[in-house]
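The sequence shown begins at 173 in this note's numbering and counts up one residue at a time.
Note that CB positions come from ideal geometry on N, CA and C, so glycine has one too.
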Amino acid sequence: MSDTSSQAGEAPAELDLSNSDVVTKYKAAAEIANKAIAAVIAEVKDGAKVVDLCNCGDNLINKEVEKIFKGKLIEKGVAFPTCVSVNSTVGHFSPASDDTTTVKDGDIVKIDLGVHIDGFISTQAQTVVVQAGDAAIKGRAADVIAAARTAYEAALRLIRPGKKVSDVAGPLQKIVEAYGCNLVEGVMSHQMKQFIIDGNKCVLNKPSPEHKVEDAEFAENEVYAIDIVVSTGDGKTKVLDEKETTVYKRALDMEYQLKLKASRAVFSEINRRFPAMPFTVRALVEGVEKDDKSKELAKQLKLGMVECLNHGLLHPYPVLHEKSGELVAQVKHTVLLMPNGSDQVTKAPAQAVESEKKVEDAEVVALLATSTKTNKKKKKAAKAADAPAA
């Protein structure tokens with residue numbers, strides 16, 4: 173692991189996409205994320221264990237990052253641990269090593285993961301249906317997947333320089349309603365910066381009187397994880413069992429003098445190995461077992477997590493659920509707001525989908541027909557019009 177002083181707030185200037193090295197690192201992270209999600213999708217078969225799918229993604233990421241930027245003192249690795257959430261489970265499911273949960277034919281499976289190079293993050297999610305062969309997905313599974321994909325395409329065209337956060341939610345709602353579905357409440361598309369996976373500028377997909385975010389204008393050289401989650405149900409989620417939670421992130425704004433030796437051990441281990449990015453308890457424990465050959469210390473780490481959580485030193489990512497029997501689909505990609513337009517740097521294999529429903533709202537149809545790239549002639553003309561007269 174490298175020195176993390178770049179996170180400590182002493183960097184001379186914030187690095188953004190105006191720096192070509194930053195763009196290179198985002199794209200390098202995206203390339204590995206693309207390989208990882210393709211590898212996991214290839215293993216999504218009847219009878220596959222969820223924990224094995226999660227390990228498939230994380231192990232590939234850790235292996236691939238070692239091949240690039242060799243000899244440079246930079247951090248690189250998992251930016252968001254591979255989560256595999258099935259059917260009505262909305263997200264964040266990355267179980268312990270001894271978990272026996274499997275996927276079966278007909279299940280709708282959401283795969284979510286992220287990679288970073290020097291803190292520059294590329295994250296993505298894709299939804300697939302477990303099946304043999306490549307027949308098109310039909311029925312309600314097709315509706316919810318098509319709704320998520322179409323809403324993502326709209327968001328990609330709305331999260332652009334000059335547009336505002338408040339412009340996004342309305343068209344997304346129209347799209348999912350056309351497919352007889354609902355946006356899942358509480359899901360946000362966050363701006364990302366170096367070592368920051370959930371920046372303050374964000375889009376709430378489904379705002380309400382109780383849940384709002386501050387309006388703001390999108391700007392050139394920003395980076396977003398555009399995240400769309402859609403349900404065949406009412407879109408309301410709940411935590412069924414807090415013990416399912418295995419994904420955490422260090423809460424950088426919190427400090428507390430831990431009392432227990434086990435708590436200090438786990439906190440030291442987290443600060444050493446996962447100072448800024450989310451991690452799983454599985455990775456934390458297995459890392460200790462591998463490094464220190466001590467299963468006893470691994471047990472102590474699990475015990476020490478409790479005090480860390482009780483005093484807010486860790487931010488949990490709880491496993492969320494829709495109503496049993498409902499289907500949930502997710503599409504997420506990393507998008508760079510470049511001078512020449514939006515550059516989606518992540519991509520994932522996608523199954524054919526045939527829904528009998530479609531979007532008919534004229535404004536939304538027109539929006540979906542627009543390009544994600546900037547018209548250079550129009551941009552030059554606008555600059556010329558704004559220039560002072562000689």
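Return the first residue and the last residue of the beta strand (DSSP E) that residue i is part of.
{"i": "A541", "result": "Taken as a continuous stretch (DSSP letters only), A541 belongs to no beta strand (DSSP E), as it is neither H nor E."}
{"i": "K248", "result": "248-258"}
{"i": "Y396", "result": "395-403"}
{"i": "D315", "result": "Segment 311-330 is the alpha helix (DSSP H) holding D315; no beta strand (DSSP E) there."}
{"i": "K282", "result": "280-289"}
{"i": "D515", "result": "513-516"}
{"i": "V301", "result": "292-301"}
{"i": "S527", "result": "Where S527 is concerned, there is no enclosing beta strand (DSSP E), given that its DSSP letter is neither H nor E."}
{"i": "V375", "result": "374-376"}
{"i": "Q363", "result": "360-364"}
Are there 16 or more other CB atoms within 10 angstroms of the CB of residue i, so buried, or fewer, so exposed?
{"i": "S190", "result": "exposed"}
{"i": "V567", "result": "What is shown of the chain runs 173 to 562, which leaves residue 567 out entirely."}
{"i": "N482", "result": "exposed"}
{"i": "V478", "result": "exposed"}
{"i": "E186", "result": "exposed"}
{"i": "T542", "result": "exposed"}
{"i": "G305", "result": "exposed"}
{"i": "K415", "result": "exposed"}
{"i": "H383", "result": "exposed"}
{"i": "E354", "result": "Checking the displayed sequence, the identity of residue 354 turns out to be Asn instead of Glu. Flag for N354 reads buried."}
{"i": "T506", "result": "buried"}
{"i": "M426", "result": "exposed"}
{"i": "P253", "result": "buried"}
{"i": "S192", "result": "exposed"}
{"i": "E528", "result": "exposed"}
{"i": "T568", "result": "The chain is shown from 173 up to 562; residue 568 falls before or after that span and cannot be answered."}
{"i": "K282", "result": "buried"}
{"i": "E411", "result": "Note on residue identity: the sequence assigns Val, not Glu, to residue 411. Result: exposed."}
Could you tell me the boundaries of the alpha helix (DSSP H) in which residue i lies?
{"i": "L225", "result": "222-237"}
{"i": "L344", "result": "341-350"}
{"i": "T196", "result": "192-215"}
{"i": "V438", "result": "433-445"}
Skipping 5 residues on each side, what residues in its chain have a beta carbon closer than 7 angstroms to that of residue i?
{"i": "Y428", "result": "H483, L485"}
{"i": "E325", "result": "L540"}
{"i": "S435", "result": "G476, E479, C480"}
{"i": "D406", "result": "N354"}
Starting from the Cα of residue i, find the closest Cα among the options and give me that residue.
{"i": "Q298", "options": "K495, K519, I369", "result": "K519"}
{"i": "T544", "options": "V337, K530, K529, D515", "result": "D515"}
{"i": "V375", "options": "I398, N354, Q366", "result": "I398"}
{"i": "V256", "options": "A313, V212, V348, R321", "result": "V212"}
{"i": "I280", "options": "R329, Y396, L499, G334", "result": "L499"}
{"i": "A341", "options": "G352, R329, K530", "result": "R329"}
{"i": "E394", "options": "S403, A307, Q366, K276", "result": "Q366"}
{"i": "K221", "options": "V359, A268, L475, T196", "result": "A268"}
{"i": "I369", "options": "R321, F451, L430", "result": "F451"}
{"i": "G352", "options": "R321, R312, P381", "result": "R312"}
By DSSP's criteria, residue i is part of a beta bridge. Which residues make up the other side?
{"i": "E389", "result": "K336"}
{"i": "H505", "result": "I398"}
{"i": "P488", "result": "Y420"}
{"i": "F263", "result": "Note that residue 263 is Gly in the sequence shown here, rather than Phe. Note: G263 sits in a beta bridge opposite L492."}
{"i": "K410", "result": "H493"}
{"i": "L473", "result": "Bridge partners of L473: none, in fact."}
{"i": "M605", "result": "This structure cannot settle anything about residue 605, because the visible part of the chain is limited to 173 through 562."}
{"i": "T452", "result": "V419"}
Might you give, ordered along the chain, the residues of its own chain that have their beta carbon closer than 6 angstroms to the beta carbon of residue i, omitting 5 neighbours on each side?
{"i": "K465", "result": "Since pLDDT at K465 reaches only 48, below the 50 mark, its modelled position is unreliable, and no value is offered."}
{"i": "K276", "result": "D218"}
{"i": "C226", "result": "T254, V256, S266"}
{"i": "H264", "result": "C255, V419, Y489, V491"}
{"i": "A314", "result": "V525, E526, S527"}
Only counting the same chain, and skipping five residues up and downstream in sequence, which positions put a Cβ closer than 8 angstroms to that of residue i?
{"i": "V237", "result": "I204, K248, G249, V287, I289"}
{"i": "A437", "result": "L469, Q472, L473, G476"}
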